[in-house]
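Asks: Residue numbers (the UniProt record's numbering): 1 to 325. Can you read through this structure? Questions will come right after.
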Amino acid sequence: MTEWRSYVRPGLLMVGALGIQLAFILSYVGAWHAPEADGLPVATVSSAAVEDFQAQVDAKSDAVAAHAYSRRADAIAALNDQDVYAVLLSGRDGLELHLASASNGAAAEALTQVYGRVSTVTGTAVSVYDDRPLPATDNRGISPFYLVVGWVVGGYLVSTLLSFIAGAHPAAQRGRIRVLALLLYAVASGVGGAVVVGPVLGIWHSNLVPLATLGIVVVFGASITSAALSALLGAVGTGLTILLLVVLGNPGSGGPFAPEMLPGPFRELHTWLLTGAATQATRAVVYFSGRGLAADYLVLLLWCGIGTLLYLLAITVRGRRRPTT
């Protein structure tokens, strides 16, 4: 009986690993195997021609969720703030569709196809403009997403390694030192990531300081969340970290595909997931000069703050339970 008991914990760990693996496959393949536009927000600037054409788009497809604006300037501002993926308006020579492929290349491509098909069927000319095009160095628009993935993986990896090597439940003083160590690591990782995508690869050449600052917040958020969950739940916390940051975080981030192109719960997750907020914030920094950044930054700071509080609470409570000699 004693011999069999020695196999229980390894067996449970293997079952947990299998569960995470299957969840990984289900999440990634389920989210990305057949992306389909549904409710992509588009600003329409009020005019008879725009309203008539948009009505025909709505009749033929559910891909677009139109939001009416009375002024062109307000609609273009919404595009630059990443509140919408496109603007439909009446120009001097007819209808114009203004896109921002830097916001999400897949969404821009889908909208071009949707409006193009209706234009062909109705015989209505629509001129397409890309107001925020992607650079040649990131022509698919996926560099912000993979930069964030690198930051997040580095954050939870260093925290997990420290938990394995030095224990997930250090004494209170050592725990506070670990928080400082994770912060220092986040600084090195954030700056390092900005250097790699900047001077090393030459993808972006401006806004690197704000990008590095964002990276510090992302990495610390990932690392302190991992530390907190490990301190609270042990090995289960490590698995939960992977579920939150990778299994759900990457497919639900709105990285390769806009959230409105994903199925089920993934459409809503990106706003609150660390990876989703970080990807959106990275796009705002490198392609929109920081416009529309505040909400995503707030989410990231919440991850950092809540993670820190939970970690400090966990090590403090466990420290009080330790027997004194």
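For glycine and all other residues, C-beta sits at the position ideal for the given N, C-alpha and C. Please read all numbers here as calculations on a predicted model, not as lab measurements.
Can you list, in chain order, the residues of its chain whose CB lies under 8 Å from that of ARG71, leaving out five sequence neighbours each side?
Replies: VAL45
Asks: Count the other CB atoms within 10 Å of the CB of ASP296; is the residue buried (16 or more) or exposed (fewer)?
Replies: buried
Asks: Assuming ALA17 is part of the alpha helix (DSSP H), what are its boundary residues?
Replies: 8–32
Asks: Below 8 Å on the Cβ atoms is my guess for ALA110 versus ALA37; work out the distance and round it to an integer in Å.
Replies: A Cβ-Cβ distance of about 4 Å is found for the pair ALA110 and ALA37, placing them in contact under the 8 Å criterion.
Asks: The alpha helix (DSSP H) spanning LEU240 covers which residue range?
Replies: 235–242
Asks: Under 6 Å Cβ to Cβ from GLY190, same chain only, skipping five residues before and after it: list those, please.
Replies: ALA212, GLY215, ILE216, VAL219
Asks: Identify whether VAL126 lies in helix, strand or coil by the three-state DSSP scheme.
Replies: strand
Asks: Which residues in the same chain have their Cβ closer than 7 Å to the Cβ of ASP138, if we skip the five residues on either side of it in sequence?
Replies: Correct list, in chain order: ILE203.
Asks: Looking at ARG283: is its Cβ nearer than 7 Å to the Cβ of PRO170?
Replies: At least 7 Å separates the beta-carbon of ARG283 from that of PRO170.
Asks: Along the chain, where does the beta strand (DSSP E) that runs through VAL158 open and close?
Replies: No beta strand (DSSP E) contains VAL158, which is instead part of the alpha helix (DSSP H) from 143–166.
Asks: Could you tell me which uninterrupted alpha helix (DSSP H) segments, each at least 4 residues in length, are contained entirely in the stretch 61–113, listed from first to last along the chain?
Replies: 72–80
Asks: So who's on the other strand from THR44, going by DSSP bridges?
Replies: ALA68, LEU88
Asks: Excluding the 5 residues flanking GLY39 on each side, which residues of the same chain have their C-beta closer than 6 Å to its C-beta?
Replies: ALA65, GLU260
Asks: Where ALA78 and ALA277 are concerned, what is the direct C-alpha to C-alpha distance, given to the nearest angstrom?
Replies: Distance from the CA atom of ALA78 to the CA atom of ALA277, rounded to whole angstroms, is 18 Å.
Asks: Considering only the alpha carbon of each residue, which of TYR129, ALA59, GLY155 lies closest to VAL118?
Replies: From the listed residues TYR129, ALA59, GLY155, the smallest Cα separation to VAL118 is found for ALA59.
Asks: Are the stretch 149–167 and the stretch 119–132 touching, with three or more C-beta to C-beta distances below 8 Å?
Replies: no
Asks: Let me check understanding here. Comparing Cα to Cα, which of VAL317, ARG291, LEU310, CYS304 lies closest to ASP83?
Replies: ARG291
Asks: Could you check the C-alpha separation between PRO41 and GLY123 for me, to the nearest Å?
Replies: 24 Å
Asks: Cα-Cα, which of ALA48, GLY307, ARG9 is closest to VAL179?
Replies: GLY307
Asks: Which word fits TRP272, buried or exposed, when buried means at least 16 other C-beta atoms lie within 10 angstroms of its C-beta?
Replies: exposed
Asks: VAL317 to GLY175, Cα distance in whole Å?
Replies: Their Cα atoms are separated by approximately 12 Å.
Asks: Output needed for ALA49: all residues of its chain with C-beta closer than 7 Å, excluding positions within five of it in sequence on either side, in chain order.
Replies: SER90, LEU95
Asks: For ALA17 and LEU243, I'd like the C-alpha separation in whole angstroms.
Replies: 11 Å
Asks: Is the separation between the beta-carbon of TRP303 and that of GLY239 shorter than 7 Å?
Replies: no
Asks: Report the rounded CA-to-CA distance for LEU269 versus GLN56, giving the unit in angstroms.
Replies: 31 Å
Asks: Excluding sequence positions up to five away, which residues of its chain have a Cβ less than 8 Å from the Cβ of THR324?
Replies: A caution first: THR324 carries a pLDDT of 48, below 50, which makes its placement in the model unreliable, though a value can still be read off. If the five residues before and after THR324 are omitted, its C-beta is found closer than 8 Å to no C-beta atom of its own chain.
Asks: Rounded to the nearest angstrom, what separates ALA23 and TYR311 at their Cα positions?
Replies: 26 Å
Asks: Going by C-alpha distance, which of TYR115, TYR156, ARG140 is nearest ALA258?
Replies: Of the candidates TYR115, TYR156, ARG140, the one whose C-alpha sits nearest the C-alpha of ALA258 is ARG140.
Asks: Please name the residue in THR160, THR279, ALA68 whose C-alpha comes closest to that of HIS148.
Replies: Correcting the residue type first, residue 148 is Val in the shown sequence and not His. Comparing Cα positions, the closest option is THR279.
Asks: Hey, which unbroken runs of the alpha helix (DSSP H) at 4 residues or more fall wholly within the stretch 214–300?
Replies: As for any alpha helix (DSSP H) of minimum length 4 sitting wholly inside the stretch 214–300, the runs are 235–242, 266–269, 274–287, ordered along the chain.
Asks: Roughly how far, in whole angstroms, is the beta-carbon of PRO199 from the beta-carbon of ALA106, given that I think they are within contact range, below 8 Å?
Replies: Not a contact, Cβ separation roughly 29 Å.
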